[in-house]
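Since the structure comes first, as structure tokens, the remarks are kept for the end.
Number of protein chains: 2
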Amino acid sequence: MPGTQDDDAPRGVPTLHDVARLAGVSIKTVSEVVNRTGRVAAATAARVESAIASIGYQPNLSARRLRTGRTGVVGLAVPELSLSGYFNELSAAVVRIAAERGLTVLIEQTGGTREGELRALRGPRRSVMDGLLINAVALDEQDVQDLGPLGPTVVLGERRLGPQLDHVTFGNEEAARLVTEHLLGLGRRHILVLTGDPAVSASAARRLAGHHQALAAAGLAPAAGLVRVVAVWDHAAGYRHVVEAHRGGPSFDAVLAVNDSLALGALRALHDLGVDVPGTVAVAGIDDVVDARFSHPRLTTVDPHRDVLAELAVRTLTERIADRRRPGAVHEIEAHLRVRGSTLASAEPPG
Amino acid sequence: MPGTQDDDAPRGVPTLHDVARLAGVSIKTVSEVVNRTGRVAAATAARVESAIASIGYQPNLSARRLRTGRTGVVGLAVPELSLSGYFNELSAAVVRIAAERGLTVLIEQTGGTREGELRALRGPRRSVMDGLLINAVALDEQDVQDLGPLGPTVVLGERRLGPQLDHVTFGNEEAARLVTEHLLGLGRRHILVLTGDPAVSASAARRLAGHHQALAAAGLAPAAGLVRVVAVWDHAAGYRHVVEAHRGGPSFDAVLAVNDSLALGALRALHDLGVDVPGTVAVAGIDDVVDARFSHPRLTTVDPHRDVLAELAVRTLTERIADRRRPGAVHEIEAHLRVRGSTLASAEPPG
DNA sequence: ATGAAAGCGCTAACAT
DNA sequence: ATGTTAGCGCTTTCAT
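Chains A and B are the protein sequences, given in the same order. Sequential numbering from 330 applies to the first sequence in the numbering used here. Sequential numbering from 330 applies to the second sequence in the numbering used here.
What follows is the structure, given as structure tokens:
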């Protein structure tokens with residue numbers, strides 16, 4: 330009985346077959362039109378194009394991936410997206426630059442923990458992405474060795490996680506050294522340091538190291554009572570620790586925070602305590618987040634050139650995806666000091 | 330010639346077949362063990378588990394998706410990730426809550442443009458995700474109708490984009506009304522308004538409407554010279570427009586900004602201009618970003634309860650994915666005023 | 001220049 | 001309780 334079968338059922342999402350049937354060609358031809366590969370007669374191509382438009386065909390990326398191994402999706406794993414301002418602005422830059430190259434970004438928050446980072450590096454999610462950018466803070470090289478081969482991966486931030494991986498790092502030591510030298514140059518000798526736990530965070534460890542180098546170069550030793558370790562690098566922690574340090578403990582004439590959120594919290598605390606900034610206490614951070622340029626006073630900090638980092642990271646990942654065999658590359662981005670009113674009154678506009 | 334063929338080549342990424350061969354079972358059994366579906370003898374399961382562990386098998390999500398139509402990936406489309414603080418914190422909340430439910434988030438920046446939002450709604454990327462959360466600001470209902478059926482979609486923010494879609498909205502009008510009433514209650518009568526273009530941004534339009542409602546309720550009309558339309562809702566725009574408004578144009582005793590970034594920029598500008606806040610000019614924003622609690626003075630604003638919004642959004646999307654047929658739901662989240670030092674000196678701690 | 005068909009890794013219906 | 005197999009939508013060799 331002819332006509333009984335539902336031969337041209339375009340029920341759900343349209344596929345290549347639907348387009349082919351409508352245009353009266355084979356699916357191969359449609360595929361070639363979609364991908365601009367092979368040569369298709371102009372007339373045929375036009376017919377296919379209009380069929381595509383008329384039923385609103387969109388290629389199924391999962392099927393394409395299954396066939397080609399490419400999705401156009403890359404992962405970005407960061408400790409946290411909004412606590413620090415830094416990862417927020419970094420993520421925005423990565424998403425923007427990836428989009429320029431036709432890539433979409435899948436974001437994962439690792440919580441800055443070893444487990445979280447391992448999951449990002451090796452979890453089943455990797456099978457939907459072409460490559461991964463990971464800002465690892467807790468992992469060490471041994472963890473990575475144990476994991477075995479990983480698929481295209483670029484490590485951001487400090488840790489060198491093994492020669493097989495690409496790294497785009499930022500001069501963490503240099504950043505802390507620059508700020509410390511600046512504070513010492515202003516005659517400050519009692520620097521309160523707000524840092525993450527160096528045993529947990531590689532970045533904290535490196536920044537602390539840079540700070541100590543600068544102190545040593547000036548013939549100074551770190552003051553035991555003036556280092557405060559925070560669990561979370563956010564405004565609230567900066568605020569709390571400065572209030573506590575002011576209440577008890579040795580007096581200080583400067584605050585050096587390992588990131589701007591801590592520094593901005595510190596700034597706010599000093600206001601509430603009635604301490605003059607920068608007169609009595611100078612404050613500096615690291616990261617140059619947007620709010621550092623609008624705080625009162627504006628915050629002296631170090632610019633990590635996130636845009637450069639994001640650009641380099643995406644490019645390195647793309648190259649790695651294209652050639653999995655080449656040796657791991659290491660790019661280091663130079664940091665620059667931004668002196669503002671929180672350390673130097675004359676750097677602040679009148680007001 | 331026997332032994333020539335590379336029969337057990339486990340070359341690349343391990344598959345179900347590799348596990349099955351190693352455990353001496355069929356791929357169906359492996360699949361059942363992986364998915365905890367059907368019943369598999371404990372001994373067999375154990376054998377399979379150890380095979381999985383030994384070769385580090387991870388399911389290929391693209392293949393699974395092709396078969397089942399599920400990836401565990403949801404999209405989040407926002408205008409911009411880092412300009413406003415709001416989307417940053419919202420994204421972080423969405424990523425966190427999605428992760429709790431075993432979902433990963435694919436982030437897209439639409440630039441707040443119609444094209445960008447259409448692309449997010451309908452582009453080929455949709456085929457790698459189970460559903461989409463979109464904070465649309467430029468799209469209207471007609472655009473969506475033209476697109477045809479869309480796949481699971483939850484719209485965040487203001488616009489009602491059609492009855493077939495789920496919406497999780499925030500009381501934009503109410504928010505602006507609350508702030509305006511607060512400013513009027515303080516005796517301020519000349520409110521400088523910093524807003525996005527209401528013709529472009531639905532949120533701006535609603536917030537402006539709420540502002541006008543409050544004015545009207547007090548028997549006041551909006552002052553023509555005191556509304557400044559910004560292109561980008563960021564700190565720099567807030568700063569620039571306040572400086573310009575102060576230089577020329579009618580004088581004002583309050584600033585109402587449609588978001589906190591603009592308000593924080595305004596705060597900074599007033600400092601530089603030597604204008605006392607809140608004495609001479611009161612400043613208020615909307616969004617309650619983290620920095621609003623650490624600025625000097627702290628910023629009066631409206632809390633949109635992002636965590637609640639994110640939670641509700643992810644839940645609604647999950648339900649929509651599970652049942653595509655049910656009618657569109659609309660959830661509206663109530664906004665709350667947070668009065669701080671930028672409008673009320675007594676709300677600021679001593680300092 | 002175009003078509004036919006194999007197969008990517010997986011799930012599930014169907015067999016045993 | 002376990003195995004066999006079709007087919008999801010796509011790209012791509014191999015024919016024509």
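Beta carbons: idealized from backbone N, C-alpha and C, even for Gly.
query: Beta-carbon gap between Gly670 of chain B and Pro626 of chain B smaller than 9 Å; result: yes
query: Proximity test, Cβ basis, 9 Å: Asn588 of chain A and chain B; result: no
query: Bridge partners - Arg667 of chain B, DSSP secondary structure assignment; result: B:Thr630
query: Beta carbon proximity, Gln438 of chain B to chain A, threshold 9 Å; result: yes
query: Ranges of the beta strand (DSSP E) found wholly within the region 450-482 of chain A, counting only runs of at least 3; result: 460-464
query: Limits of the alpha helix (DSSP H) - the one that Glu429 of chain B falls within; result: Tyr415 to Glu429
query: Neighbour list for Glu418 of chain B in chain A, Cβ cutoff strictly below 9 Å; result: Leu410, Ser411 and Asn417
query: Inter-residue Cα distance where the pair is Val556 of chain B and Ile426 of chain B; result: 38 Å
query: Candidates B:Arg394, B:Tyr386 and B:Gln387, of which the one nearest Asn389 of chain A by Cα; result: B:Arg394
query: Proximal residues to Gly398 of chain A (C-beta, below 6 Å), its chain only, five neighbours per side dropped; result: none
query: Contact list for the region 624-636 of chain A against chain B, Cβ threshold 9 Å; result: Ser624, His625, Pro626 and Arg627
query: Segment contact flag, the region 527-534 of chain B with the region 546-554 of chain B, C-beta cutoff 8 Å, min 3 pairs; result: no
query: is_contact[Leu345 of chain B, chain A] using C-beta, thresh 9 Å; result: no
query: Proximity of Thr498 of chain B and Val659 of chain B at Cβ, strictly below 9 Å; result: yes
query: C-beta neighbour in chain B for Val457 of chain A, strict 9 Å; result: yes
query: Status (buried if at least 16 other CB within 10 Å, exposed otherwise) for Thr366 of chain B; result: exposed
query: 9 Å Cβ cutoff, Ala428 of chain B in contact with chain A; result: yes
query: Cβ shell of Glu640 of chain A (< 7 Å), same chain only, five flanking positions each side left out; result: Ile426
query: Residues of the region 565-590 of chain B with Cβ closer than 9 Å to any Cβ of chain A, in chain order; result: Ala565, Gly567, Tyr568 and Ser590
query: Reduced DSSP category for Gln387 of chain B - H, G, I as helix; E, B as strand; rest coil; result: coil
query: Start-to-end residues for the alpha helix (DSSP H) that takes in His660 of chain A; result: No alpha helix (DSSP H) holds His660 of chain A; the beta strand (DSSP E) holding it covers Val659 to Ile662.
query: Proximity below 9 Å, CB of Asp617 of chain B to CB of Asp636 of chain B; result: no
query: DSSP beta-bridge partners of Glu437 of chain B; result: B:Ala406
query: CB contact check: His519 of chain B to chain A, cutoff 9 Å; result: no
query: Gly404 of chain B vs Leu462 of chain B beta-carbon contact at 9 Å; result: yes
query: Contact list for the region 385-402 of chain A against chain B, Cβ threshold 7 Å; result: Gly385, Gln387, Pro388, Asn389, Leu390, Ser391, Ala392, Arg394, Leu395, Thr400 and Val402
query: Secondary structure, alpha helix (DSSP H): runs of 4+ residues fully inside the region 498-569 of chain A; result: 501-514 and 531-546
query: Rounded separation between Leu638 of chain B and Gly500 of chain B - CA only; result: 11 Å
query: Unbroken beta strand (DSSP E) run spanning Ala349 of chain A, endpoints; result: Element bounds for Ala349 of chain A: not the beta strand (DSSP E) but the alpha helix (DSSP H), Leu345 to Ala352.
query: Three-state class that DSSP yields for Ala338 of chain B in the structure shown; result: Its pLDDT being 42, under 50, Ala338 of chain B is placed unreliably by the model, and nothing is read from it.
query: C-beta atoms of Thr629 of chain A and Val668 of chain A nearer than 9 Å; result: yes
query: Chain B contact for Pro481 of chain A (CB, 9 Å cutoff); result: no
query: Cβ contact (3+ pairs, closer than 8 Å) linking the region 470-484 of chain B and the region 509-517 of chain B; result: no
query: Where Ala613 of chain A sits in the DSSP three-state scheme; result: strand
query: Cutoff 8 Å; reference Arg430 of chain B; Cβ partners in own chain excluding five residues on either side; result: Val643 and Thr647
query: Beta bridge counterpart(s) of Ala583 of chain B as assigned by DSSP; result: B:Ile520 and B:Ala611
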